[in-house]
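Heads up: the structure comes next, in C-alpha cells.
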Amino acid sequence: MGQQILNGVFVGSIYALFAVGYTLVFGVLDILNLAHAAVFMLSAFIALLLVDAGLSLLVALPAAVLAAGLIGIVLERVAFRPLRDRADSNISGLISSLAMATVFEAIALQIFGPDTSRFPQGTFPDRTLQIGDATASLLQLCIVGVSVVLMAALTLLLGRTRLGRHIRAVAESPRAARILGVDVDRAIAMAFFLSSALGGAAGVLFGLAFNSISPDVGRSVELKGLAVIILGGMGSVPGAVAAGFALGLIEVFTVAHLGSSFRDAVSFVVLFLVLIARPRGLFGRAAAREA
Amino acid sequence: MSDLFLAYESLIAFVGINGLLALSVYATLCCGQLSLANAGFMAIGAYTGALITLKAPGVPFIAVLAAATLAPAIVAVPLGLPVLRLRGVFLAIATVGFGEVVRLFFVNWDYTNGALGLVAIPQRTHLWTIALALAVALYGLGRLRGSRTGYALEAIREDETAARTMGIYTTGHKLAMLVAGAALAGLAGALEAHHTFIVSPGTFVFGRVVDMLVQAVVGGTAAFYGPALGAAFLTVLPELLREIGARLGLAPGPFRLFLNGVILLAVILYLPNGLVSLPARLRRRARGSA
C-alpha cells in the first residue's frame, strides 16, 4: 500500500509538472499547445547530449530546462503570434502547434534515430532508501523533490511577482491588460518560456526516471497531460498539480488491482467522465467558456 | 502508361483512402466541430470488415463494406449525444479520449490477437472500389452545398447560438455530421484493411487522426473537395520529393515528417483557407500588381 502510494506520487509528480506548463498556456491564450510534448522530448535529448558530452547532471538539467524555455519562445513567435488576431485562433493555433511538433519530431528523428537512447550509467547515484515499508530510489525522491520545488516556484512567481500579475492579467483579458499598460506580447512570450521550461524539466526527469528517450517519448505523456488538465480544470495551475498526482495514484492502483493493460485506458476514462459530468474540472472557472 | 500505373497502384490507393479519411474529418469540421474520434471510427470499421471477411468468407465484399460503414456510425450516436454538448478544444479532447479508448480496447482484445492484430486478410479492395467510394462521398458532401441542410451547417459553424435561435436543430445536425464522418472513416478503414492485408491497433494511434486533420486543413475546408485535394497532395508530394531528401542525406521517415510539418505551418500561416484558395489568391495578386 505504502509502496503503491509512493509510486503513484512519483509518476504523478512528472505528470503534474508536464501538465502545469500545458495548462499555463491554455489559461493565457485559450489555445492548446500540442507542441508541448515535443518540447518535453527535445529537452530530454538536450540533457542527454550534455551528459554525454561529460557534463554533470547538475549542469545539464538547468541547461536543458533553459533551452526548452527558449524553444518555447521560438514556438510562440513562429506558430502562435502570427495567428493571434484571427477569429478561429484556437483551432488554427492548435494546428500550427501541431505543425511545429511534427517539425521538432522530425529533427529529433533525423539526429537521434528512432531507437531508444539512454543516459550513461552513473549519471545519477544508484541508491535506495527505506521509508516505512516502502522502498524508493534516491532518483525517485529527487524527481519528486525537483518537481514540487519547480511547481511551488511557478505558483509564487504567478502570485507574487510583477511578471506573474501581468500574465494573470493577460489571461483574464488581453485587451483590458493592454489598456492598463501591460506589455501583452512580452507577457505571452514569458508564459511560453515558463510553460516550455517546465515541460522541458518534466522531459528530463522522465528520461532519467525510465532511462529511455526516443523521438516519440512525448506521445503518451501528451495524452495523459490532456487528461490531467481536464481533470484539474483548463487553465488552473493548482488544479493541474492536484490532478497530476491524482492521475499518478489512480494509474498505480489500477495496475495493482486491475492489471497493467488497463493503465492507459483509465486516464481516458477519467478524462471522458470529467468532460461529460463536470467539464470545468476540479478547479476550473465556473463561467461557461467557448474555448 | 500501364507500367507506371502498376508501379504506383498502391500510392493511388492511398490517395483515395486518405481522401476518404480527410473527408471524414471535414464532415464535422464543416459545421465548426473539431472531432478527433475518427481514428477510432476507422479502427471499428477496419476490424468489423476484417473479422467478417476472415470468419465468414462467403459474405460479398459490398456487404462487408456496408457493415464496416454502419458499425462506427452506430457507435457515433451514443458517443455524440453527450460529447457534442462540448465545444471547441473540449470536444477535440473528449474525442481524442474516445479514439484512444477504442485503440486500447483492440490492444487488449484477445479475439483480434491484441496488439498484433489481424493478419492475412484477403485483398478484396480494388482501385475502382476506392474510386467509387470517394466519388460517392464527394457527391454526397457536394450536394449539401446550397441545400437547406448545407446552409444550416454553415450557420452552426459561424455562430451556434445564433443558429439555434433561428430555429435550427443544432444537436441533430451536428450529430448527423458526426455519424456521417464516422461512416466514412469506417468505410476507409475497411478498404485499407482489405488493401494492406493487415489490421493492427498501431495503425489507429492519435497520429493517424492528426494526419487526417492536416490533410483536410492543407487542402482547405472552405470547399467540399478541399480535403480530398489535400490528402492527394500530402500523399503524393513526399514520394516526389524523396529523391531530393535522399540526395541531401536525409532519411526518408524524418524527411517526410519534416515536410509535412513545414507545409502545414506554411498553409496555416499564409494560406488559411488551404490549397483550394490558392488560384483565387494568385489571381488577386496578379490583378493587384498589374
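Line order of the protein sequences matches chains A and B.
Count the first sequence with my numbering and you get residues 1 to 291, in order.
Count the second sequence with my numbering and you get residues 1001 to 1290, in order.
Glycine included, each C-beta is placed from N, C-alpha and C at the ideal position.
Since this is a predicted model, take the numbers as computed values, not measurements.
Quick one: what does DSSP say residue i is sitting in, helix, strand or coil?
i	result
residue 136 of chain A	strand
residue 1079 of chain B	helix
residue 1277 of chain B	helix
residue 1282 of chain B	helix
residue 272 of chain A	helix
residue 96 of chain A	helix
residue 258 of chain A	helix
residue 1089 of chain B	helix
residue 214 of chain A	coil
residue 279 of chain A	coil
residue 950 of chain B	Outside the displayed span of chain B (1001 to 1290) sits residue 950 of chain B, for which this structure offers no information.
residue 284 of chain A	coil
residue 103 of chain A	helix
residue 184 of chain A	helix
residue 78 of chain A	helix
residue 1199 of chain B	strand
residue 162 of chain A	helix
residue 1059 of chain B	coil
residue 1349 of chain B	A question about residue 1349 of chain B goes unanswered here, because the residues of chain B that appear run from 1001 up to 1290.
residue 290 of chain A	Note that residue 290 of chain A has pLDDT 41, beneath the 50 cutoff, so the model's placement of it is unreliable and the number below is only indicative. In this structure, residue 290 of chain A counts as coil in the three-state DSSP scheme.
residue 192 of chain A	helix
residue 234 of chain A	coil
residue 89 of chain A	helix
residue 226 of chain A	helix
residue 1074 of chain B	helix
Go ahead and label residue i buried or exposed: buried means 16 or more other beta carbons lie within 10 angstroms of its beta carbon, across all protein chains shown.
i	result
residue 1055 of chain B	exposed
residue 1041 of chain B	buried
residue 1010 of chain B	exposed
residue 291 of chain A	Bear in mind that a pLDDT of 38 at residue 291 of chain A, under 50, signals an unreliable position, so the model cannot answer this.
residue 18 of chain A	buried
residue 43 of chain A	buried
residue 1053 of chain B	buried
residue 264 of chain A	buried
residue 1165 of chain B	exposed
residue 1107 of chain B	buried
residue 161 of chain A	exposed
residue 1234 of chain B	buried
residue 288 of chain A	Any answer about residue 288 of chain A is weak, because its pLDDT of 43 lies below 50 and its placement is not dependable; what the coordinates show is given next. Exposed.
residue 243 of chain A	buried
residue 10 of chain A	buried
residue 130 of chain A	exposed
residue 1195 of chain B	buried
residue 1282 of chain B	exposed
residue 135 of chain A	exposed
residue 1270 of chain B	exposed
residue 1130 of chain B	buried
residue 210 of chain A	exposed
residue 1292 of chain B	The structure shown does not extend to residue 1292 of chain B, since chain B is modelled only from 1001 to 1290, so the question has no answer here.
residue 36 of chain A	buried
residue 1279 of chain B	exposed
Kindly indicate the opening and closing residues of the alpha helix (DSSP H) around residue i.
i	result
residue 129 of chain A	Note, residue 129 of chain A: premise wrong, no alpha helix (DSSP H); beta strand (DSSP E) at 128-131.
residue 1128 of chain B	1127-1144
residue 1015 of chain B	1009-1029
residue 21 of chain A	2-29
residue 1034 of chain B	Looking at the DSSP string, residue 1034 of chain B is not in any alpha helix (DSSP H), and its letter there is neither H nor E.
residue 175 of chain A	174-179
residue 1209 of chain B	1206-1219
residue 1161 of chain B	1160-1165
residue 1270 of chain B	1252-1270
residue 40 of chain A	36-52
residue 1245 of chain B	1226-1247
State the beta-bridge partners of residue i as determined by DSSP.
i	result
residue 117 of chain A	A:213
For this session: Closer than 9 Å, Cβ to Cβ, to anything on chain A: give me those residues from the segment 1178-1207 of chain B, in chain order.
Result: 1205, 1206 and 1207
(Q) What are the residues in the segment 60-81 of chain A lying within 8 Å of chain E by C-beta distance? (A) The structure shown contains no chain E; its protein chains are A and B.
| request: Compile a chain-ordered list of the residues in the segment 1033-1045 of chain B whose CB is closer than 8 Å to at least one CB of chain A. | output: Residues passing the 8 Å Cβ filter: 1034.
Members of the segment 1064-1089 of chain B that neighbour chain A once the beta carbon cut-off is set at 9 Å = Answer set for the segment 1064-1089 of chain B: 1082, 1083, 1085, 1086, 1087, 1088 and 1089.
Closer than 9 Å between beta carbons: that is the criterion. Which residues of the segment 208-238 of chain A meet it against chain B? Here the close residues are 215, 216, 219, 222, 223, 226, 227, 229, 230 and 234.
Which residues of the segment 1236-1266 of chain B have a Cβ closer than 7 Å to any Cβ of chain A? Give them in chain order. 1250, 1251, 1253, 1254, 1257, 1258, 1260, 1261, 1262, 1264 and 1265
Cβ-based contacts, 8 Å cut-off: residues of the segment 263-274 of chain A near chain B
Cβ contacts with chain B come from 264, 265, 268, 269, 271 and 272.
At a CB distance below 7 Å, what residues from the segment 1100-1133 of chain B approach chain A? Give them in sequence order.
1100, 1101, 1104 and 1108
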